[in-house]
Ligand code: ADP
């Protein structure tokens, strides 16, 4: 039937536009490495900000005692207490408390927000330590994970560049984030020092490194996406004369904003970008992360529905942005029932499309597959791009050119810490990403490169960094 052919054409066109053969992925790898270079060469030299973190040491297992962490970066904030055994005995215990941030505080004043946070922190400390212990404990050290764009001024301080994710506290922009927290804690009489102010990827990297010394980078693929990695200080050209004790430093890439003409872009991506509150921004993130994948699929289904009436009359729900959340899209993708019952249920209950024939349900699964596969393969290419920049892709660094054959004999074991709901909870995404890593690196090199899931790096990693950067005595 003509109707069916038209719908098939939409899906085939999508497949074609999203295709990521390994040759194209290698172009993305190269583009990532080149942009990293440009971002390190000068301020504003690339869409990649390549932010200096001042983290020039990573936890290694010798850390001892109790440290706190505060994780602020979304709708929840968390406080943690981590007890470290030292001498590689690891993390003896960790306690976490999670609280939603009251909506009104997200658009109030910095004083209100930090007073609230300091109160919660104080309550947590008293509960964990007991009232008697509290007064005798020496000054407590805190790692503060603040997942908004920050211009760091030291490992423990930095200035808020702008808010994202629904926060809008104008008086905070341009101010020192740690100082705001420090003031609020002093007001409460809470004896605690911000020892490290970090991005969540840096926390993940710290936790990865704590468990595995070969960890050279961290990638987060959740609601958003970002990555950081270990760079040689002398390669950070925009900071001439940067002195570090180790000769290296963690760089927060802010890779969600990566862009390259080699990225396989579709009309759906363009429309999603135009409709977003931040057009022309976060281009890589909009193809990869959990915030957007479901909405790309919604746009394709809307188009299929407009092309032919195999979905019946066009459901108004199909025009509602973000109505199809990524976990629901994943549930359709991973529906193993022979009659695709889950797909039918979600189409009906979420998108208001009842009675979709099995043949069409299969096409919907195909759409989910295409969109997720592209995302996972691009995330893999980005990750290999980092490895290429630091000469860990088995082919020599970008500057030293390719060494033909046998170069992997020098290949060192390389670990990348990885976190985020998309990778950890969406098995098809994870499998596609792992598969693409192997494809890009090749059978010889890929056994040396390990993607290692860490758990709660943004919280525990920050506490570990507080230990690394705690004041002596
Ligand atoms: P965040 O990035 O919000 O701090 P997470 O790393 O836990 O938190 O990621 C949560 C995101 O991961 C969700 O917004 C969602 O897009 C995605 N996600 C969570 N669970 C699943 C799932 N089962 N399938 C697909 N995506 C999921």
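Residue numbers (full-length UniProt numbering): 31 to 503. All residues carry an ideal CB built from backbone N, CA and C; glycine is no exception.
Our contact map puts residue i next to residue j with C-beta atoms below 8 angstroms; I'd like the distance itself, whole angstroms only.
| i | j | result |
| --- | --- | --- |
| residue 336 | residue 344 | 6 angstroms |
| residue 407 | residue 40 | About 21 angstroms separates the two Cβ atoms, so there is no contact after all. |
| residue 233 | residue 74 | In fact, because the Cβ distance is near 26 angstroms, the residues do not count as touching under 8 angstroms. |
| residue 380 | residue 348 | Rounded, the Cβ-Cβ distance is 10 angstroms, inconsistent with contact. |
| residue 489 | residue 235 | The Cβ separation is near 14 angstroms, so there is no contact. |
| residue 182 | residue 84 | 5 angstroms |
| residue 325 | residue 287 | Incorrect: roughly 19 angstroms between the Cβ atoms, too far for contact. |
| residue 140 | residue 201 | 5 angstroms |
| residue 190 | residue 174 | Wrong, their Cβ atoms sit about 12 angstroms apart, outside the cutoff. |
| residue 449 | residue 483 | 7 angstroms |
| residue 227 | residue 188 | 5 angstroms |
At a cut-off of 7 angstroms, is residue i close to ligand 1 when judged by its beta-carbon and the heavy atoms of the ligand?
| i | result |
| --- | --- |
| residue 449 | yes |
| residue 357 | yes |
| residue 62 | no |
| residue 452 | yes |
| residue 252 | yes |
| residue 463 | no |
| residue 360 | yes |
| residue 455 | yes |
| residue 342 | no |
| residue 321 | yes |
| residue 104 | yes |
What residue range is occupied by the uninterrupted beta strand (DSSP E) comprising residue i?
| i | result |
| --- | --- |
| residue 249 | 245-251 |
| residue 222 | 222-228 |
| residue 320 | Not the beta strand (DSSP E): residue 320 falls in the alpha helix (DSSP H), residues 320-337. |
| residue 121 | 121-130 |
| residue 282 | 278-282 |
| residue 297 | Segment 297-305 is the alpha helix (DSSP H) holding residue 297; no beta strand (DSSP E) there. |
| residue 115 | 106-115 |
| residue 480 | 479-483 |
| residue 350 | Looking at the DSSP string, residue 350 is not in any beta strand (DSSP E), and its letter there is neither H nor E. |
Can you find the residues in the same chain that come closer than 6 angstroms, C-beta to C-beta, to residue i, ignoring five residues on each side of it along the sequence?
| i | result |
| --- | --- |
| residue 144 | 210, 211 and 214 |
| residue 102 | 176 |
| residue 142 | 135 |
| residue 435 | Low confidence applies here, because residue 435 scores a pLDDT of 48, under 50, leaving its location unreliable and the question unanswered by this model. |
| residue 218 | 148 and 152 |
| residue 113 | 96, 122 and 123 |
| residue 383 | 341, 345 and 377 |
| residue 438 | In this predicted model, residue 438 has a pLDDT of only 47, less than 50, meaning its place in the structure is not dependable enough to derive any value. |
| residue 466 | 407 and 410 |
| residue 289 | 77 and 313 |
| residue 400 | 44, 45 and 48 |
Could you pull out every residue in the same chain whose Cβ sits closer than 8 angstroms to the Cβ of residue i, ignoring the five residues on either side in sequence?
| i | result |
| --- | --- |
| residue 392 | 370 |
| residue 429 | Note on residue 429: pLDDT 38, under 50, position unreliable in the model; no value is reported. |
| residue 339 | 33 |
| residue 427 | Note that residue 427 has pLDDT 43, beneath the 50 cutoff, so the model's placement of it is unreliable and the number below is only indicative. Counting only Cβ-Cβ distances below 8 angstroms, and skipping sequence neighbours, we find 418, 419, 420 and 421. |
| residue 257 | 231, 247, 248, 249, 250, 283, 285, 412, 413 and 416 |
| residue 239 | 88, 89, 90, 245 and 447 |
| residue 398 | 327, 359, 360, 362 and 363 |
By Cβ distance below 7 angstroms, which residues in the same chain neighbour residue i in space, the five residues on each side in sequence not counted?
| i | result |
| --- | --- |
| residue 86 | 274, 275, 276, 278 and 279 |
| residue 320 | 252, 253, 356, 451 and 452 |
| residue 318 | 251, 255, 405, 408 and 409 |
| residue 80 | 66, 69, 70, 281 and 283 |
| residue 129 | 106, 107 and 150 |
| residue 127 | 108, 109 and 154 |
| residue 431 | Reliability fails at residue 431, whose pLDDT of 41 lies under 50, so the model's placement of it is uncertain and the value that follows must be treated cautiously. Within the same chain, residue 431 has no close Cβ partners at all. |
| residue 373 | 362, 365, 391, 394 and 395 |
| residue 471 | 414, 423, 424 and 479 |
Would you kindly report the start and end of the unbroken alpha helix (DSSP H) that includes residue i?
| i | result |
| --- | --- |
| residue 189 | Looking at the DSSP string, residue 189 is not in any alpha helix (DSSP H); the run it does join, the beta strand (DSSP E), is 187-190. |
| residue 53 | 52-71 |
| residue 174 | No alpha helix (DSSP H) contains residue 174, which is instead part of the beta strand (DSSP E) from 170-176. |
| residue 256 | Run containing residue 256: none in the alpha helix (DSSP H); it sits in the beta strand (DSSP E), 255-262. |
| residue 212 | 207-217 |
| residue 416 | 388-419 |
| residue 494 | 492-498 |
| residue 469 | 457-471 |
| residue 444 | Note, residue 444: premise wrong, no alpha helix (DSSP H); beta strand (DSSP E) at 444-449. |
Report yes if the C-beta of residue i is less than 7 angstroms from at least one heavy atom of ligand 3; otherwise report no.
| i | result |
| --- | --- |
| residue 473 | Ligand 3 is not part of this structure, which contains only ligand 1. |
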